[in-house]
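In the numbering used here, the protein residues as written are 1 to 162.
By construction, the Cβ of each residue, glycine as well, lies at the ideal position given by its N, Cα and C atoms.
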């Protein structure tokens, strides 16, 4: 069994989604099947694309929700159906013991994401860490823990507003 965790930008530009999805599929294809477990917090953007690709390749999905109110407080109405479908398809859904979504909940969820992972896929533009528990901070934590990190940022990928 290979457990792969994901971290990545939430603000991927809409037109970048297909390039990122293809790059994720290409990377994960060598690990496909029942032995593949993908671990995701299901944030919009990279996390969701990764989760969908894990399932499309026949892998199992483990979801870590940062807080009890995450679905109602953070998931947008446009993303609810997709979020709910991924939670339903997951083999495991862990809800972190935080009442409200926020920095502490996200940081704890990201650390939980890394526990037991064999490697990390980072959909990341290489931007510097902010100390806020984002993608760069999670990459730094993974590398500090000795985990292999595969950075995915294909040609055409960009963040909205960038």
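By Cβ distance, which residues of its chain are closer than 7 Å to residue 45, with the 5 residues on each side in sequence left out? Residue 45 sits at position 45 when you count from the first residue of the chain shown. Cβ neighbours of residue 45 beyond the five flanking positions: 8, 9, 10, 11, 12.
Cβ contact check for the region 103-113 and the region 126-143: 3 or more pairs under 8 Å
yes
Can you tell which of 148, 31, 43 has the C-alpha that lies nearest to the C-alpha of residue 82?
Start at 1 with the first residue of the chain shown, and residue 82 comes out as number 82. Out of 148, 31, 43, 43 has the C-alpha closest to the C-alpha of residue 82.
* Asked: Between the region 142-156 and the region 65-82, do at least 3 Cβ pairs fall closer than 8 Å?
  -> no
Worksheet entry | Cα-Cα separation, residue 63 to residue 116 | Against the chain shown, residue 63 aligns to sequence position 63. Against the chain shown, residue 116 aligns to sequence position 116. The straight-line gap from Cα to Cα measures roughly 13 Å.
> Can you tell me where the beta strand (DSSP E) with residue 94 in it begins and where it stops?
Replying inline: Position 94 of the chain shown holds residue 94. 92-95 is the extent of the beta strand (DSSP E) around residue 94.
**Report entry** Contacting residues, own chain, Cβ-Cβ under 6 Å from residue 54 (five flanking each side not counted)
**Finding:** By one-based count along the chain shown, residue 54 stands at place 54. 38, 61.
Exercise for review: Measure the C-alpha to C-alpha separation of residue 23 and residue 99 and round it to an integer number of angstroms.
Suggested key: Numbered from 1 along the chain shown, position 23 holds the residue referred to as residue 23. Numbered from 1 along the chain shown, position 99 holds the residue referred to as residue 99. So the two alpha carbons sit approximately 35 Å from each other.
*Can you tell me which of 131, 122, 56 puts its alpha carbon nearest to the alpha carbon of residue 103?*
In the chain shown, residue 103 corresponds to position 103, counting from 1. Cα-wise, what sits closest to residue 103 is 131.
Check: Could you give the distance in angstroms between the alpha-carbon of residue 18 and the alpha-carbon of residue 148?
Finding: Taking the first residue of the chain shown as position 1, residue 18 is located at position 18. Taking the first residue of the chain shown as position 1, residue 148 is located at position 148. Looking at the two C-alpha atoms, the distance is approximately 25 Å.
### Query
My guess is that residue 51 and residue 28 are in contact by the Cβ rule of under 8 Å, so how many angstroms apart are they, rounded?
Mapped onto the chain shown, residue 51 falls at position 51. Mapped onto the chain shown, residue 28 falls at position 28. 11 Å between Cβ atoms; not a contact.
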